[in-house]
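Protein chains in written order, with the numbering used here: chain A, 49 to 382; chain B, 49 to 382.
All C-beta atoms in this analysis are idealised placements derived from N, C-alpha and C, irrespective of residue type, glycine included.
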């Protein structure tokens, strides 16, 4: 219905586009029928339950085409849902991709987007098994569903945190928020921080290692900020938490950038979203095992607080004073 | 990021909206963890393979808010993907729903949309297990994924048609196309035809009956028009087909409406999309069994042609002359 310029999608047509997209798709023995029938047919591993997560990304809401190169956008579109499967301790397996394409989108953009999407898929042993394509009258819309699997006893939910458990996070926090801040304000910042925003890495191997060792009592990925995301663990576990600000893991680039800012650095680390690190809780007797387990995956892990029996999540400065939140994570309807 | 008017979504917030959406959700023993964690956890029935399909619906591309009441839109958003699972002979089981909501959308619209979506879910024993919500700067976007299951030997693909098989369709064809034509041209038409467009019924029980009896050699749902959709069966089965125009099942309302049109009625029945009837092929020795099997589901079935060994799909008038296609189904990028 939307008229696309003759140089791009019109010539190719819907089925030409689907062929182009599916040309680079790898397969796997778990995929019985992939792209091309009414539905994909897949087979779960014996004894495993299915994990499913979905994310929608809209141009000018979740990303801007002037900031986000198509290759990284393809990677990030898939990374967000893979991260959700990882946060349950699951093996990501299969993906669906739906695209609504505006008329001014060059074919090169789609090719580069797909290269990024399929590279992220391949790095995580995920197979693209289906999707939908249509024209859009305005924004580019990307909708991704990822399905995974895990043995029932290894699945890690948000609801298992116990008072006295430690609160841990992988990697470093706040980098993606600084990346966003610098892009929004046109400031110069290290590529590392921009990449954390535009091309995040889902922590699949660390999450699987924790799940297989039975070490995490609850887990979530940090997509809306640590305070908000640990808040979900606290709410669903019926507990509270105290975050120790001095223990937050901050990258060197983060510390250099925030040294000159009028805003407290911890704001970005506590309330900035899109780091896609793991936040998990674990029994305090498992500290050494956890450090060992995560370091084997080549990433850092930091103990940042403690699960409390009283409700409410607080962040505490070294001098004992409370951090007053300037935002409680990203809310789409605020 | 998008600013929504204070009377609608802003007050509610993202998590308030999710609570509102999930309030009416039923569950099922196959759903271990539904809405509210990083990913949903579900369990397949013993020995079954998973079926997955996804559809994206954009305002002013797939639907118009001035035509489509929110209740029917909710129903149709889910019906399209359920129909895909049915067309594989599968049991639809679980759904994911992602919504990008424009700022002018009243809460009543969302409530009515969800009532329709959940009514369609309930009628088909489908459970809503997750999704995503965000704000949209322009169009309403709906993305639905439906997962289902079936025993491997009962799954019906597009690829099994054999030369000499009959071609069958359920119900009547072209009604939705007439509904669309009348809305686009402001013509008066019976409610029945409008409803076929706005609130189609996926043929789940008929498809399951065919799959369980092992009667269909290939199957697809008619979403892009019979010529285009049977064309997919022909292509994937490495066969052709001859459709007998005189045998196309046409509703009384369709025949009354098209009697006065300058366009041949068969155009709507052959090339009009969105009827969501089943098109399937079957061995000619199974004719009586098929009629018996489908009639038990309370719908009609008609034999409309024959699978040929030579490639190419043709439609033939009673006098033997060929139908020259005026369109070959809906192509989003034409």
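- Closer than 7 Å to the CB of residue 189 (chain A) there is at least one CB belonging to chain B.
- Identification of residues in the stretch 201-212 of chain A having a C-beta nearer than 7 Å to some C-beta of chain B yields 203, 205, 206, given in sequence order.
- Cβ proximity to chain A below 8 Å picks out 80, 81, 84, 85, 86, 87, 88, 89, 90, 91 from the stretch 67-91 of chain B.
- Here the alpha carbons of residue 189 (chain B) and residue 317 (chain A) stand approximately 32 Å from one another.
- Residue pairing by DSSP puts residue 191 (chain B) in a beta bridge opposite B:104, B:146.
- Burial is judged here by how many other beta carbons sit within 10 angstroms of a residue's own beta carbon; residue 332 (chain A) has fewer than 16 and is exposed.
- When B:114, B:274, B:94, B:249 are compared, the shortest CA-CA separation from residue 216 (chain B) is found for B:274.
- The three-state secondary structure of residue 88 (chain B), taken from DSSP, is strand.
- The beta carbons of residue 290 (chain A) and residue 193 (chain A) sit about 36 Å from each other, so the pair does not count as a contact at 8 Å.
- Using a CB distance below 8 Å, the part of the stretch 101-117 of chain A facing chain B consists of 101, 102, 103, 104, 106, 108, 109, 110, ordered along the chain.
- In the DSSP assignment, residue 350 (chain B) is bridged to B:217.
- Residues of chain A with a Cβ closer than 7 Å to the Cβ of residue 318 (chain B) do not exist; the shortest Cβ-Cβ separation is about 19 Å.
- Residue-level contact check: residue 133 (chain B) touches chain A, since one or more beta carbons of chain A fall below 7 Å from its beta carbon.
- The CB of residue 185 (chain A) comes closer than 9 Å to the CB of 106, 107, 108, 109, 186, 187 in chain B, given here in chain order.
- Residue pairing of residue 197 (chain B) in beta bridges, as defined by DSSP: B:98, B:139.
- Under DSSP, residue 355 (chain B) forms a beta bridge with B:289.
- Annotation: residue 280 (chain A) to residue 287 (chain A) spans about 10 Å, alpha carbon to alpha carbon.
- Residue 140 (chain A) is not a Cβ neighbour of residue 219 (chain A), given a cutoff of 7 Å.
- Interface residue (Cβ-Cβ distance to chain B less than 7 Å): residue 253 (chain A) is not classified as such.
- Residue-level contact by beta carbon holds for residue 148 (chain B) and chain A, with a gap shorter than 7 Å.
- The beta carbons of residue 134 (chain A) and residue 251 (chain A) sit closer together than 7 Å.
- The C-alpha of residue 198 (chain A) lies about 24 Å from the C-alpha of residue 282 (chain A).
- Interface with chain A (7 Å Cβ-Cβ cutoff): residue 96 (chain B) is excluded.
- It is roughly 28 Å from the alpha-carbon of residue 177 (chain B) to the alpha-carbon of residue 73 (chain A).
- Assignment of beta-bridge partners to residue 183 (chain A) by DSSP yields A:149.
- Cβ-Cβ distances below 6 Å link residue 277 (chain B) to 268, 270, 327 in the same chain, with the five nearest sequence neighbours on each side left out; the list follows chain order.
- Under the criterion of beta carbons closer than 8 Å, residue 292 (chain B) and residue 313 (chain B) do not qualify as touching, at roughly 14 Å.
- Boundaries of the beta strand (DSSP E) harbouring residue 266 (chain B): 266-269, taken from the DSSP string.
- A straight line joining the alpha-carbon of residue 63 (chain B) with that of residue 112 (chain B) spans about 27 Å.
- Of the other Cβ atoms in all chains shown, fewer than 16 fall within 10 Å of the Cβ of residue 152 (chain B); this residue is therefore exposed.
- If you draw a straight line from the Cα of residue 365 (chain A) to the Cα of residue 351 (chain A), it is about 15 Å long.
- Within 10 angstroms of the beta-carbon of residue 329 (chain A) lie 16 or more other beta-carbons, which makes it buried.
- The beta-carbon of residue 180 (chain B) is placed less than 7 Å from the nearest beta-carbon of chain A.
- Listed in chain order, the non-local C-beta contacts of residue 232 (chain B) below 8 Å within the same chain number zero, local neighbours out to five positions each way being set aside.
- DSSP, reduced to helix, strand and coil, places residue 249 (chain B) outside both helices and strands of the structure shown, so it counts as coil.
- Residues of chain A whose Cβ lies closer than 9 Å to the Cβ of residue 286 (chain B) do not exist, since the nearest Cβ in that chain is about 14 Å away.
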